[in-house]
Every structure is written in structure tokens, then in C-alpha cells.
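Colleague:
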Amino acid sequence: MNAVKKLLNIILILFGVILIVFCADLVINKLVHTDLSQLDETDRAALEEICSMTELFDDKYGNDTVWTEDYNLRNEPVVVTRNYGLIKGSTYAVNMTYTKNIFAQRIKMPDEYSDIPVYRLSYLYPQSFKLAKQEEAGFTDVAGTRAYASAFDQSLVKMNGTGSLEENIVEATFKDSVESIDVPSQSDSNAFDITEENIALMGLQYRIIDDMMGADSPDKLDEFIAEYVKVREYQAEKYPEFTKTKAASEISGGCTKHVFYSISKLIGHDITYFNKEEAESITFYSAYYYLCTGRYNSDIGEFLNKMGDEYAGAALCRIISENELEDNWQTKIDGANYTSQYTILKNYSEKYCGKYADKTIEDIQRTYNYEEIIGMARALCKEIG
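Each position in the sequence shown, counted from 1, maps to that position plus 1 in our numbering.
1. When we look at the beta-carbon of serine 91 and count the other beta-carbons within 10 Å, is it buried (16 or more) or exposed?
2. Over what stretch of residues does the beta strand (DSSP E) that includes leucine 122 continue unbroken?
3. So is serine 188 buried or exposed if we call it buried at 16+ other beta carbons inside 10 Å?
4. Are the region 362–375 and the region 332–344 touching by the rule of at least three beta carbon pairs closer than 8 Å?
5. Note the first and the last residue of the continuous alpha helix (DSSP H) segment covering phenylalanine 261.
6. I need the DSSP call for phenylalanine 104, collapsed to helix, strand or coil.
7. Roughly how many angstroms lie between the CA atoms of serine 190 and methionine 97, to the nearest whole one?
8. On the three-state DSSP scale, how would you describe tyrosine 353?
9. Output needed for alanine 280: all residues of its chain with C-beta closer than 6 Å, excluding positions within five of it in sequence on either side, in chain order.
10. Compare the Cα-Cα distances from glycine 336 to each of Gly139, Asn199, Gly254 and Val232 and report the closest residue.
11. Taking 8 Å as the cut-off, decide whether the C-beta atoms of valine 158 and alanine 47 are in contact.
12. In the DSSP assignment, find the alpha helix (DSSP H) that holds arginine 367 and state where it starts and stops.
13. What number of angstroms, rounded off, separates the C-alpha of alanine 216 from the C-alpha of valine 33?
14. I think tyrosine 120 touches alanine 94, with their Cβ atoms under 8 Å apart; what is that distance to the nearest whole Å?
15. Taking Cβ to Cβ, would you say valine 179 is nearer than 8 Å to tryptophan 68?
16. Between which two residues does the alpha helix (DSSP H) containing tyrosine 291 stretch?
17. Give me the residue from Lys176, Ser218 and Leu222 with the minimum Cα distance to isoleucine 1.
18. With a 10 Å radius around its C-beta and 16 neighbouring C-beta atoms as the bar for buried, classify proline 78 as buried or exposed.
19. Between glutamine 106 and alanine 316, what straight-line distance do the alpha-carbon atoms span, to the nearest angstrom?
20. Using three-state DSSP, classify aspartate 142 as helix, strand or coil.
21. Closest by CA to glycine 204, which one among Lys258, Ser350 and Phe304?
22. Taking contact to mean 3 or more Cβ pairs, one atom from each stretch, closer than 8 Å, check whether the region 226–235 and the region 344–356 are in contact.
23. Would you please verify whether the beta carbon of tyrosine 349 is less than 8 Å from any beta carbon of chain C?
24. Starting from the N-terminal side, write out each stretch of the alpha helix (DSSP H) that is 4 residues or longer and does not extend beyond the region 41–82.
25. What is the rounded straight-line gap between the Cα of aspartate 212 and the Cα of serine 218?
26. Leucine 122 to glycine 139, Cα distance in whole Å?
27. Within a Cβ cutoff of 6 Å, which residues of the same chain sit near isoleucine 268, ignoring the five residues on either side of it in sequence?
28. Is the beta carbon of cysteine 293 less than 8 Å from the beta carbon of leucine 381?
29. Out of Glu113, Leu132 and Ser322, which one is the CA nearest neighbour of isoleucine 51?
30. Is alanine 378 near glutamate 197, with beta carbons less than 8 Å apart?
31. Do you know how far the Cα of valine 260 is from the Cα of threonine 246?
32. According to the neighbour-count rule (16 or more other Cβ atoms, all chains shown, within 10 Å of its Cβ), is glutamate 137 buried or exposed?
33. Please classify arginine 367: is it buried, with 16 or more other beta-carbons within 10 angstroms of its beta-carbon, or exposed?
34. Between alanine 201 and the rest of its own chain, which residues show a CB-CB distance below 6 Å, the 5 nearest in sequence each way excluded?
35. Taking its Cβ as the centre, do 16 or more other Cβ atoms sit within 10 Å of valine 28, making it buried, or is it exposed?
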């Protein structure tokens, strides 16, 4: 009998402890640190980053500032979770509403973000454990709402480069919202012929992209566009499969990175190409030099097959957008037919760059010291065998 009483007492004590912990967590979540300024630095920075991105899509700015109405972070619920202990952590839901929910407490945000709903979810929220253990970021069902869910830590917050919380959110939500950038499956065979000429033509295009981005007059821009189109046409004739693969990467990855860079610039991060802050930015041709001399920290095959085209695609988006070369150009990007940024530039060149139509590929190669460019390509080909 005494043993039964002891067991019941133990059970009651355990139940009491669990009840106290349960109530304490709910009370603390509701009453303690409910203002953004009271959160720790990493949590505060993550929420400010998400809200500053969301704020860009407020009606007063216009949705087409970054892309088109297809993409609008105001419509994208985001849930982020941070673990900083075996049990302890924090989970926040942005752009989601939890009214009269004992597990959720709205965080008071500064005036510029006051209309963006931000809630902290209790550790006891039914899905908190699942969200905390989610290994890969992605969309998941949270309280009946489809939301982008991701873990975060100090290394991902306001990190200027690939893999940042900011870029991860943009990449997932943009591709989810904008169907027009879907591209056909890329061919696995001979998609990229790693030859001296093909690599050198990429370097030549990088030289011209740098000039297009720095053109000091509309006429010079027209000349650079005509040169770029001529080089791409030459490459397409000799390497048609590669050209399709290149266009696919420019469409999918390039458009996504363009949106990421645009948002970054608008919220003051100024992240630019090749994962460098603007103050430390390198040119496209510098990236080519680093690649050929082994100084670029990247798998060469990955760079040649995909990464370089994504950066170039983003730069072409910027050139088209900032110079207003084509109205509603975003809606004309069409993955199904490989209508890429290059296609838009080609159409523009045919209409407005006729005075430079007589330039030959040899003329362009002489202008840009092609001997140096192909010399570096030759060295790279020897290195990779």
C-alpha cells in the first residue's frame, strides 16, 4: 500500500512540475520580452531582416519595384526557429495571425513595421518541436497555413552572401510565386563542352558585361549590347546545347539572384555579385581571372555549368531593368521556350543597335585582348586536365 502511495505521490509531483513548467512558459511567453527592443541581438536582427524585406512590398512602394505582382512578400508567411540549447530556443511567425492563441504572443514592433504581424510561439506550441528539428528549409503547414520555415542562427543573419537568411527566403518564395521562370530539364550529356574556346568566350562575355554595367552613355551601352549579342550568337552556333543550358541557368538562377540583389540594395545591404559587399565588389572579369588562376573558391565544374550563368543572368536583368530596355520584360522571360535575358537583349540589339551590326567577332576579340582571355582559359584547361 505504501508503495502505491509513493508511486502516486511521484506521479503527482511530476504532473505538478510539468504543470508549473507549462504555465510558466505560457506566462513568460505572454509577458516577458514582448517588445522587439527587448529581444536578444540575433533574434532581433532576424526579425528586422524579414520585416525590412516584407516592408518593401507595402502598397505605398508598388509591387513592381522588385519584380511584378506575382512576387509579394506581404503574402508570404515565414516561420523561423533558433535553437541555442538542448531544449531552449525561439520560434517566430511573420505575416501570420494568431488571435486568442495561448501559445502565441504578438511582438511589439517599431513604427515602420507595426502593421506586420510578428508572433513568438511558445516552446509548448504543438509544432515548435517539429519546426526546431526541421533539417532543411522549405514550405510546411503551420496551423493550417502554408509557410516558409527555416532555422536561423547568428551566421545566417545579415550575412552578405550566399546562404544568408535573406537569400534563402528570397530563393524559396520567388521560385514558389513566379511560375514563368520554370525551365525545361537540362541535358546531362555534353551540355557544357569544357574547351579553351568555350571558357574564353565566357571570359569575353564577362568583359563586355562589365562594360555594359558601367556604360556612361546610351550610345556606348548600345555598342556593348551589340558586341555581347554577337559573341553569344557565335557561341550558340558552335555550342548549341551549351547555349540552351546557359539560358536555363540565366532564367532560373539569374532572375532569382536579381530579385535578391534588388531587395538587398533597397534595404541597405548592398550585396552584389560573387558574394561580395559593394565596398569589396569584384568585376565579372576579375571573377574569371580568379577562376582561371585557382583563386576563386568554387568547384570549377559547378561554376562553369551553373554558378557563373546565374550571376551573369542577374547582371543582365539589372542592365535591362535599370536602362529600361524593354517594358514589362519580366513577363517575357519564358523558360519553356528558352526566352532568356539574352533573348531580350538580342531583340533590343536588332531594333536599336544597327550602327554596330557590322562588327565581326574578330573585331570584338581584338578590342578586348582576346589573346589574354584565351591564355587564361588554356591554363585552366591544363589544370583540370
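Built from N, CA and C at the ideal position, the CB exists for glycine as well. These numbers were taken from a predicted model, which means no experiment stands behind them.
Modeller: Considering the structure as presented:
1. The count along the sequence shown starts at 1 and reaches residue 91 at position 90. Label assigned to serine 91: buried.
2. The residue labelled residue 122 in the question sits at position 121 within the sequence shown. That run of the beta strand (DSSP E) goes 119–122.
3. The residue you call residue 188 lines up with position 187 of the sequence shown. The predicted model places serine 188 with a pLDDT of 49, which falls under 50 and marks its position as unreliable; any figure quoted below should be read in that light. With fewer than 16 other Cβ atoms within 10 Å, it is exposed.
4. no
5. Here residue 261 refers to the residue found at position 260 when the sequence shown is read from its first residue. Counting along the chain, the alpha helix (DSSP H) containing phenylalanine 261 begins and ends at 256–267.
6. Against the sequence shown, residue 104 aligns to sequence position 103. Coil.
7. Against the sequence shown, residue 190 aligns to sequence position 189. Against the sequence shown, residue 97 aligns to sequence position 96. Unreliable positioning characterises serine 190 in this predicted model, as indicated by a pLDDT of 41, which lies under 50. The coordinate reading is nonetheless provided below. Distance between the alpha carbons of serine 190 and methionine 97 is about 45 Å.
8. Counted from its first residue, the sequence shown places residue 353 at position 352. Three-state result, tyrosine 353: helix.
9. Counted from its first residue, the sequence shown places residue 280 at position 279. Confidence at alanine 280 is low in this model, with a pLDDT of 49, below 50, so its placement is unreliable and no value can be given for it.
10. As a working note, residue 336 is residue 335 in the sequence shown. The option with the nearest alpha carbon to glycine 336 is Gly254.
11. Taking the first residue of the sequence shown as position 1, residue 158 is located at position 157. Taking the first residue of the sequence shown as position 1, residue 47 is located at position 46. The answer is yes: Cβ separation under 8 Å.
12. Sequence index remark: in the sequence shown, residue 367 carries index 366 (1-based). That run of the alpha helix (DSSP H) goes 362–368.
13. Indexing the sequence shown from 1 puts residue 216 at position 215. Indexing the sequence shown from 1 puts residue 33 at position 32. So the two alpha carbons sit approximately 54 Å from each other.
14. Position 119 of the sequence shown, counting from 1, holds the residue named residue 120. Position 93 of the sequence shown, counting from 1, holds the residue named residue 94. Confirmed, about 5 Å.
15. The count along the sequence shown starts at 1 and reaches residue 179 at position 178. The count along the sequence shown starts at 1 and reaches residue 68 at position 67. Closer than 8 Å, so yes.
16. As a first step, residue 291 must be located in the sequence shown, where it is residue number 290. Counting along the chain, the alpha helix (DSSP H) containing tyrosine 291 begins and ends at 285–293.
17. Nothing can be reported for residue 1, as the shown portion of the chain is limited to 2 through 386.
18. The sequence position of residue 78 within the sequence shown is 77, counting from 1. Per the 10 Å Cβ criterion, buried.
19. As a first step, residue 106 is located in the sequence shown; it is residue number 105 there, counting from the start. As a first step, residue 316 is located in the sequence shown; it is residue number 315 there, counting from the start. In a straight line, the C-alpha of glutamine 106 is about 42 Å away from that of alanine 316.
20. Within the sequence shown, the letter at position 141 stands for residue 142. If DSSP states are grouped into helix, strand and coil, aspartate 142 belongs with the strands.
21. Taking the sequence shown and counting its residues from 1, one reaches residue 204 at position 203. Cα-wise, what sits closest to glycine 204 is Phe304.
22. yes
23. Within the model displayed, chain C is absent; a lone protein chain is all it includes.
24. 42–56
25. Residue numbering aside, residue 212 sits at position 211 when the sequence shown is read from its first letter. Residue numbering aside, residue 218 sits at position 217 when the sequence shown is read from its first letter. If you take the alpha carbons of aspartate 212 and serine 218, they lie about 11 Å apart.
26. Along the sequence shown, one-based indexing puts residue 122 at 121. Along the sequence shown, one-based indexing puts residue 139 at 138. One C-alpha to the other measures close to 19 Å.
27. Your numbering for residue 268 matches position 267 in the sequence shown. Around isoleucine 268: Ser53.
28. As a first step, residue 293 must be located in the sequence shown, where it is residue number 292. As a first step, residue 381 must be located in the sequence shown, where it is residue number 380. Yes. Within cutoff.
29. On the sequence shown, residue 51 is found 50 positions in, with the first residue counted as 1. Ranking Glu113, Leu132 and Ser322 by Cα distance to isoleucine 51 puts Glu113 first.
30. Taking the sequence shown and counting its residues from 1, one reaches residue 378 at position 377. Taking the sequence shown and counting its residues from 1, one reaches residue 197 at position 196. Result yes, Cβ atoms of alanine 378 and glutamate 197 sit closer than 8 Å.
31. On the sequence shown, position 245 is the one that residue 246 refers to. On the sequence shown, position 259 is the one that residue 260 refers to. Going by the C-alpha atoms only, they are around 21 Å apart.
32. Reading the sequence shown from its first residue, position 136 is the one you call residue 137. That one is exposed.
33. Working through the sequence shown from its first residue, we reach residue 367 at position 366. Counting Cβ neighbours within 10 Å, arginine 367 comes out exposed, since fewer than 16 surround it.
34. For the purposes of this step, residue 201 is identified with residue 200 of the sequence shown, where counting begins at 1. Closer than 6 Å at the Cβ level, and outside the excluded window around alanine 201, lie Ile374, Ile375 and Ala378.
35. Taking the sequence shown and counting its residues from 1, the one referred to as residue 28 is at position 27. Classification for valine 28: exposed.
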